[in-house]
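Here the structure is laid out as structure tokens; the discussion comes afterwards.
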DNA sequence: CCTTGACTTGGAGTGCACTCCAGGTACCAA
DNA sequence: TTGGTACCTGGAGTGCACTCCAAGTCAAGG
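Protein chains in written order, with our numbering: chain A, 2 to 125; chain B, 2 to 125.
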């Protein structure tokens, strides 16, 4: 008897809507979710764990299509771990670059802020 | 006789398409761009300068609607500098938070990478 | 004069990631 | 028995930021 979570519980835990949760499943981002006799979804620990990673990757702007690829590899079993590693390391790299870009742009914005502050200070 | 730039030059300089350039103008992200007698746009230094900031803000995910607000303030003249400052500092703050979030998520991803590498190392 | 290439316009189309909806089912509490 | 709540389905709709298109204009070169 494994612990299982209702859609409402899972949605609340990850700050997702039920629609988004179902959308992710439709798009193949989760492995097939089990059902209660009523037909209602029952998320198991492994579903929650995968969803946790999926959310993490989405929150860092990995596109749905790429996430689907990743989830397919998960479904294919442990022999796909090298492929999954490749996806994750590529994403890690992209993330490093994105963060560097944001920091650089932020500097320019802070320059502009300092400039405007200078203009205001001068005008008093 | 101020130096002016053709649409092609400006697009190339910022890595934008001509369509995007026109789209930005339509959306009010640029102040009215002058025309040559032929009807072709001639971007002046001040246009390029504003576009530089606009791109910087777009590249850091400021929505078009907010950029339009900002550009409207620019059009209204120097008395709106305090309002512009408010937009920029709010964005700067949001950016700091976004970068922190990305770094945090990246750590989780790196954890997962290390885990997968461990699995592979074990399996030899 | 004719072609080429860079540009013009208004408007339609695209891709992504949701988000909403109508109509129906399951189960619990009063 | 009647609410109420949580969930189900297939499919349509939304918002954003472009992106593309057809048909036309303009200036320069051969």
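In this text, a Cβ means the ideal position worked out from N, Cα and C, and glycines have one as well.
The beta carbons of residue 54 of chain B and residue 100 of chain A sit no closer together than 7 Å.
For residue 11 of chain B, the closest Cβ of chain A is not nearer than 7 Å.
An exposed status is given to residue 76 of chain B, since fewer than 16 other beta-carbon atoms sit within 10 Å of its beta-carbon.
At least 7 Å separates the beta-carbon of residue 59 of chain A from that of residue 8 of chain A.
The Cβ atoms of residue 72 of chain B and residue 29 of chain B lie closer than 7 Å to each other.
Each residue's CA atom was taken as its position, placing residue 92 of chain A and residue 61 of chain A some 9 Å apart. Collapsing the DSSP output to three states places residue 3 of chain B in coil. DSSP places residue 23 of chain A inside the alpha helix (DSSP H), whose first and last residues are 19 to 27. Residue 35 of chain B carries a strand assignment under DSSP once its states are collapsed to helix, strand and coil. Listed along chain A are 114, each with a C-beta nearer than 7 Å to that of residue 90 of chain B. The Cβ atoms of residue 89 of chain A and residue 110 of chain B sit closer than 7 Å to each other. For residue 85 of chain A, the CB contacts under 8 Å within the same chain, skipping 5 residues up- and downstream, are 71, 74, 75 in chain order. Counting along the chain, residue 106 of chain A sits inside no beta strand (DSSP E); it lies in the alpha helix (DSSP H) bounded by residues 82 to 123. Not a single CB atom of chain B sits nearer than 7 Å to the CB of residue 17 of chain A.
Within chain A, the residues 117 have their CB atoms less than 7 Å from the CB of residue 85 of chain B, given in chain order. Here the alpha carbon of residue 31 of chain B sits roughly 31 Å from the alpha carbon of residue 95 of chain A.
Think of a sphere of 8 Å around the beta carbon of residue 65 of chain B: no beta carbon from chain A falls inside it, the nearest being about 17 Å out.
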